[in-house]
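Q:
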Amino acid sequence: MSLWRNAVLAVAGRPAVERLVRRHGMGLARRFIAGETLEEALAAVHRLEEDGVHAILDVLGEMVTGEAMARAFAEEIKKTVRAFAALPYPRYVSVKLTQLGLDTSEALAKELLEEILALAKEGGVFVRIDMEDSPRVDKTLAVYRAMREAGFENVGIVLQAYLKRSQADLEALLPYRPNVRVVKGAYAEPPEVAYPDLPTIRAKFKALVEKNLRAGNPTAIATHDDALLHWAKDWTREREIPRERYEFQFLYGVRPALQKKTAREGYTTRAYVPFGKSWYPYFSRRIAERPENALFVLRGLLKR
Ligand SMILES: Cc1cc2nc3c(=O)[nH]c(=O)nc-3n(C[C@H](O)[C@H](O)[C@H](O)COP(=O)(O)OP(=O)(O)OC[C@H]3O[C@@H](n4cnc5c(N)ncnc54)[C@H](O)[C@@H]3O)c2cc1C
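Residues in the sequence shown are numbered from 1 upward in steps of one, following this note's numbering.
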């Protein structure tokens with residue numbers, strides 16, 4: 001699994017491949033991305049809500065270098081928060097700290113995130129800080145803690161089951177009563193820091209969900225993996241964990257029928273809806289998750 005992912009991400013990271021895929025435009029990426037504009041993203045929110053699925057809006061962008069670009073992304077996110085706050089639905093956005101300049105300066109990322117959180121709080125919007133690759137985990141956790149210490153409650157964090165450190169990270173976060181999204185992890189990581197095999201990753205995923213729920217904390221179970229979804233439904237039912245405490249989260253365009261079904265079963269269900277011009281890195285990670293997706297892109301490119 002990790003071999004395949006690392007190989008695809010290495011190929012996708014080559015500038016020539018990026019140029020080729022970008023040249024053929026959004027067509028190929030449309031399956032996973034709501035569009036390039038906020039209007040297209042809001043249209044996707046309405047469509048999802050018709051099926052009982054709530055949206056998590058994500059302005060695409062990451063690994064930003066330079067303060068001006070980080071500030072420009074922060075403005076776009078604030079525009080999204082304002083637009084979302086005007087809708088009659090549960091409101092929720094995801095942000096990446098490298099989009100807010102984390103690689104330039106932690107202080108800049110904190111300043112921009114604080115502005116976003118303050119605006120989001122006014123509009124009743126929850127903000128999830130996505131987790132990026134392993135060299136950025138310490139800084140991401142530090143910024144999350146700083147926001148909680150500054151009094152923000154409308155913010156959550158992500159832990160990746162494939163990282164060997166994540167169990168200890170959760171333990172250290174428990175005093176904050178964190179709202180945690182548990183995911184498998186989507187980046188190319190070396191075996192020193194990440195488990196490479198699916199059975200271990202699944203076991204670690206379960207351990208994170210169990211621990212956060214047993215501690216009484218809100219938990220987002222973010223996976224399309226039937227084995228984990230069945231387990232989570234059984235485990236929470238057997239232990240009578242109230243449904244308000246957990247929810248299921250999916251990615252826009254991945255198993256949409258399952259998303260609708262989960263909502264119909266009465267679980268809080270959200271879809272992560274990415275949009276914007278900087279779609280290439282996100283698209284590459286989705287392609288790397290499944291061999292079929294890589295073939296789909298290859299076929300699309302060959303047709304052209
Ligand atoms: C809401 C949400 C937020 C996320 N946030 C983060 C984050 O902050 N940081 C991070 O590192 N990762 C994040 N991820 C990605 C996550 O780490 C995994 O890479 C991704 O969810 C694939 O793993 P899986 O458990 O869903 O399923 P897999 O075990 O990969 O797949 C299970 C089944 O789901 C379907 N499926 C899964 N992925 C795809 C796909 N791309 N295309 C088509 N079908 C697919 C297939 O039917 C597959 O057989 C997020 C995922 C979700 C759902």
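Glycine included, each C-beta is placed from N, C-alpha and C at the ideal position.
Could you round the C-beta distance between arginine 82 and glycine 124 to whole angstroms and report it? I think they count as a contact, below 8 Å.
A: Not confirmed; about 12 Å, so no contact.
Q: Candidates Ala41, Glu153, Arg290 and Ala109: which alpha carbon is nearest alanine 186's?
A: Arg290
Q: State the CB to CB distance for the pair alanine 70 and leucine 108, rounded to an integer number of angstroms; the pair is presumed to be in contact (CB under 8 Å).
A: 6 Å
Q: Look at the alpha carbon of arginine 14 and the alpha carbon of proline 175, and state the distance between them as a whole number of angstroms.
A: 42 Å
Q: Is it buried or exposed, tryptophan 279, if we count other Cβ atoms within 10 angstroms and call 16 or more buried?
A: Under this definition tryptophan 279 is a buried residue.
Q: Just checking glutamate 36 against ligand 1 - is the residue's beta carbon closer than 7 Å to any of the ligand's heavy atoms?
A: Look at glutamate 36: its beta carbon is at least 7 Å from all of the heavy atoms in ligand 1.
Q: Would you say leucine 251 touches ligand 1, meaning its beta carbon is less than 7 Å from a heavy atom?
A: It does: the Cβ of leucine 251 is within 7 Å (strictly closer) of some heavy atom of ligand 1.
Q: Tell me whether the beta-carbon of proline 218 lies closer than 8 Å to the beta-carbon of asparagine 154.
A: no
Q: Hey, is asparagine 179 close to ligand 1, as in C-beta under 7 Å from one of its heavy atoms?
A: no
Q: For proline 274 and valine 93, what's the separation of their Cα atoms in angstroms?
A: 10 Å
Q: Helix, strand or coil for serine 278 per DSSP?
A: coil
Q: What residue does the alpha helix (DSSP H) around glycine 27 start on, and which one ends it?
A: Per DSSP, glycine 27 belongs to the alpha helix (DSSP H) from 26-29.
Q: Checking the sheet assignment: what are the DSSP bridge partners for glutamate 247?
A: DSSP, once it has assigned bridges, lists Ala220 as partnering glutamate 247.
Q: Measuring only from the beta carbon, is valine 158 closer than 7 Å to any heavy atom that is part of ligand 1?
A: Yes, the Cβ of valine 158 comes within 7 Å of a heavy atom of ligand 1.
Q: Would you call the CB atoms of leucine 100 and alanine 74 closer than 8 Å?
A: For the pair leucine 100 and alanine 74, the CB atoms are nearer than the 8 Å cut-off.
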